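Written below as C-alpha cells is the structure these notes are about.
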Amino acid sequence: MVELMKAIKLDYTNDSPQMSWENVPYPHPTAEGQVLIRVKAAGVNRPDILQRDRQYEPPADASPILGLEVAGVVEQVFGESQWRPGDEVCALTHGGGYAEYVWVDERHCLPKPEGWSFVEAASLPETYFTVWFNVFMQGELGRRGAETLLVHAGASGIGVAGIQMAKALGHRVIITARKEAQLNICKDIGADAAVLLDDDWVTQVKALRGSVQVVLDMLGEKTYPGNIQVLGKEGRLVWIAFLTGAKVSVTIPQMMEKQIRLTSSFLRPQSFDVKAKIAAGLREHIWPQISAGKIKPVIEKTFPIQDVQQAHAWLEKGGHVGKIVLTV
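The UniProt record's numbering numbers the first residue of the sequence shown as 1 and each following residue consecutively.
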C-alpha cells in the first residue's frame, strides 16, 4: 500500500492552474545526507508563481510540488548528518515545500532562530540564500570594509533581507520603492535612505552622500541606465530578476571608465555544494546577527496552506512588505 501525505497539487484541466490540498505519495530520500522535515510553515516566492503558470521549468531532479523554503521539525535522518530527530530547522528545499513532509539536503538546513516562530523562520531561507550568494559572494559587498548597497524594491522579501543583512554587517543601505508608504517602513527596518522609484530617482540617489558600490536589482531594463550612473568606481551591479524587461544596451566605454562589474544568477540551478557553501556563510556571518537581535522577522501576511491561491494572489498584487508565509 502506498503511504500518503497532504500536499498542494496542481491541476491544469481548466484554463488557469488550480491548487488544492490533497493526498499525494509520501516522499522518500533520493540520496544520503538528507533529512525529512515535518513542515510547519512554508514561504511563498515569485518562482512558485512562475512554476505554477508553466513559465519556469524546475530542474529535472526537483520535486514537482511547489515550495522552495520551509521551517519545521526533523523527523528522520538518512545517512550522516549534523541534525537529529526533533531538531527545529528552516531549510532551502529543492521543491516540495508546500507539503506536510519534505526531504532536504542536510547541509541546506539552518537552526530555527531562538525565539522565532516557525512562520518567522520560514521567511528566511529563499531570500537569505539569494542575498548572501548574490550580494556578498558574487557582488563582494564589504570586500574593502564598509560599503554602500542600493536595493531596488526595498520593501519586497528580498529587499527586506538585503537591508537587514547589510546593516547588521555594518554597511550603508539605500533603497528604492514604488509607494511612499513603503519608504518609511524600509527606514524603520534599517535603510539609511529611501527614495521613491520615479523618474527622478537617479538624481535623488546621486544627491546623497557618498557613492554606491553595489546595486541589488530585480527590475532589469528600466533601472539599468540609472544603476550605471549611480555606481561608483569598481561598482558591482547584481541582477537577480528582470521584472521590467530583460534587454539592456551596454555602453562599453562607460563600463570601462568606472570599471563596473556585472554579475547575475538564478539560485535554484546552483549545485547542492554551492548551496551548502551559502548556508555555511549564513550560519557563520548572519545567524549570530539574528541571535544578537540585529535582524528581525518581517512578515506581511500568513495564510493556511489550504488558502494557497489567496496567498499567491496577495503576492501578485504587489505592494507588500516582507514575506508571505503558509502555515501547515
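Here a beta-carbon is modelled for each residue, glycine too, at the ideal position from N, C-alpha and C.
Fair warning: this is a prediction, and the values are worked out from it, not measured in the lab.
Review point. Does DSSP classify GLY211 as helix, strand or coil?
Key: Along the sequence shown, one-based indexing puts residue 211 at 211. Note on identity: in this sequence residue 211 is Ser, with Gly being the wrong assignment. DSSP places SER211 in coil when its eight states are reduced to three.
Point to revise | Among ALA181, ARG143, VAL214, VAL131, the one whose alpha carbon lies nearest that of ILE174 | key: In the sequence shown, the residue the question calls residue 174 occupies position 174. Closest by alpha carbon: VAL214.
Practice item. Enumerate, from N- to C-terminal direction, the unbroken alpha helix (DSSP H) stretches of 4 or more residues contained entirely within the segment 272-319. Key: Listed in chain order, the alpha helix (DSSP H) runs fully inside the segment 272-319 are 272-281, 287-291, 308-317, counting runs of at least 4 residues.
Practice item. Taking the CB atoms as reference points, tell me whether VAL39 and VAL328 lie closer together than 7 Å. Key: Numbered from its first residue, the sequence shown carries residue 39 at position 39. Numbered from its first residue, the sequence shown carries residue 328 at position 328. For VAL39 and VAL328, yes; Cβs fall inside 7 Å.
Practice item. Report buried or exposed for LEU36, applying the criterion of at least 16 other Cβ atoms within 10 angstroms of its Cβ. Key: Here residue 36 is taken as the residue at index 36 of the sequence shown, counted from 1. The residue in question, LEU36, is buried, as its Cβ has 16 or more Cβ neighbours within 10 Å.
Point to revise | Inter-residue CB distance, VAL131 and ALA161 (contact presumed, cutoff 8 Å) | key: Taking the first residue of the sequence shown as 1, we reach residue 131 at position 131. Taking the first residue of the sequence shown as 1, we reach residue 161 at position 161. 5 Å between Cβ atoms; contact.
Check your understanding: Exposed or buried, what is ASN14 when buried is set at 16 or more other beta-carbons lying within 10 Å of its beta-carbon?
Key -> Against the sequence shown, residue 14 aligns to sequence position 14. Result: exposed.
Review point. Where do the ends of the alpha helix (DSSP H) carrying THR93 lie?
Key: The count along the sequence shown starts at 1 and reaches residue 93 at position 93. Looking at the DSSP string, THR93 is not in any alpha helix (DSSP H), and its letter there is neither H nor E.
**Study point:** Element boundaries [beta strand (DSSP E), containing ASN184]
**Key:** As a first step, residue 184 is located in the sequence shown; it is residue number 184 there, counting from the start. First-last for ASN184: 180-189, but that is the alpha helix (DSSP H), not the beta strand (DSSP E).
Exercise for review: Determine the closest residue to SER123 out of GLY232, GLU22, ALA71, MET165, with distance taken between C-alpha atoms.
Suggested key: Counting from one through the sequence shown, the residue named residue 123 turns up at place 123. Checked all of GLY232, GLU22, ALA71, MET165; the closest Cα to SER123 is ALA71.
Check your understanding: What does a CB cutoff of less than 8 Å around MET1 pick up in its chain, not counting 5 residues either side in sequence?
Key -> For the purposes of this step, residue 1 is taken as the residue at position 1 of the sequence shown. No answer about MET1 holds up, because its pLDDT of 49 lies below 50 and its placement is not dependable.
Review point. Straight-line CA distance for VAL248 to SER81?
Key: On the sequence shown, position 248 is the one that residue 248 refers to. On the sequence shown, position 81 is the one that residue 81 refers to. About 45 Å.
Check your understanding: Does the separation of the CB atoms of THR263 and VAL238 fall below 7 Å?
Key -> Taking the first residue of the sequence shown as 1, we reach residue 263 at position 263. Taking the first residue of the sequence shown as 1, we reach residue 238 at position 238. In this structure, VAL238 lies closer than 7 Å to THR263 by Cβ.
Check your understanding: Going along the chain, which unbroken runs of the beta strand (DSSP E) with 3 or more residues stay wholly within the segment 32-67?
Key -> 34-44
Check your understanding: Going by C-alpha distance, which of PRO27, ALA99, GLN76, ALA60 is nearest GLY67?
Key -> One-based indexing of the sequence shown puts residue 67 at position 67. Checking every option, the nearest Cα to that of GLY67 belongs to ALA99.
Check your understanding: Who are the near neighbours of GLY319 in its chain, counting only those whose CB is closer than 7 Å to its CB and skipping five residues on each side?
Key -> Indexing the sequence shown from 1 puts residue 319 at position 319. Same-chain partners within the cutoff: LYS179.
Check your understanding: Expressed to the nearest angstrom, what Euclidean distance is found between the alpha-carbon atoms of LYS222 and TYR12?
Key -> The residue labelled residue 222 in the question sits at position 222 within the sequence shown. The residue labelled residue 12 in the question sits at position 12 within the sequence shown. Distance between the alpha carbons of LYS222 and TYR12: 34 Å.
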